[in-house]
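**Student:**
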Amino acid sequence: MRKQASSYLQDKYKTAKLALTDVTPAELLTEEATNNEPWGPDAKTMTKISEAAFDEEDYWRIVDVLHRRLRTLNQREWRQSYKALVLLEFLITHGPEETCDEFHCNINVIQEIGYMNHTDEKGFNWGACMKSKSERILELLNDKEKL
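See below:
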C-alpha cells in the first residue's frame, strides 16, 4: 500500500512539474535516469532518452542535465555521476553523432570520475565500475572509428 501511494505521489509530482515549469518530458526522464537512487537506468528509459535526443531542443536539455550530473562528483552523490556515465555511453553509441563532440570538453571530468573510490556497505567496489565505464567513454571520445 505504501509503495502504491509513493508511486502515485511521484506520478502527480511529475505531472505538476511538467505543467508548471519549463521542463520537458525528456529532461525529466534524464534527471530520473541519473538520480541518486540505488538502481540504474534501464535500457527502455535510455532508449527513450536517446530517441528524444534527436530533437534539437530535447538534445540540449538532455546534454545540460548530463553536464551537471558529471560535475556533481562527491562521495554522497556518486550515483548521479556513475549513472550519467552509463547514460552518456549509451547516447554516444545510440544517439546523435554530435554527442561525442559535445562531451569532448568533459574529458578531464570523466577521467576524474574514473579515479573515484567507493565501496558500498555490502562490499561492492563501485569505484572499479566507474573506472571501467569512464575508460570506455574516453576511448569512444578519443577514437570515433570505434563508433
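For the sequence shown, the residue numbers in the UniProt record's numbering are 1 to 147. Yeah, the Cβ is synthetic: ideal placement off N, Cα and C, and Gly gets one too. Just so it is clear, the structure is predicted and the values come from calculations on it, not from any experiment.
Can you have a look at ALA53 and say buried or exposed, based on whether 16 or more other CB atoms are within 10 angstroms of its CB?
**Tutor:** buried
**Student:** Output yes or no for whether 8 Å exceeds the beta carbon distance between ILE92 and ILE49.
**Tutor:** Not closer than 8 Å, so no.
**Student:** Give every residue of the same chain whose Cβ lies closer than 8 Å to the Cβ of CYS129, excluding the five residues on either side of it in the sequence, and list them in chain order.
**Tutor:** TYR82
**Student:** Would the region 70-88 count as touching the region 104-120 if we require 3 or more Cβ pairs under 8 Å?
**Tutor:** yes
**Student:** Taking 8 Å as the threshold (C-beta atoms), are LEU140 and residue 150 in contact?
**Tutor:** Because the chain is modelled from 1 through 147, residue 150 falls outside the range shown and cannot be assessed.
**Student:** So, THR34 versus ARG61, is the Cβ gap smaller than 8 Å?
**Tutor:** Against a cut-off of 8 Å, the Cβ pair of ARG61 and THR34 comes out as no contact.
**Student:** Is it buried or exposed, SER134, if we count other Cβ atoms within 10 angstroms and call 16 or more buried?
**Tutor:** buried
**Student:** Going by CA-CA distance only, name the one from ASP58, THR47 and GLY95 that's closest to ASP22.
**Tutor:** The option with the nearest alpha carbon to ASP22 is ASP58.
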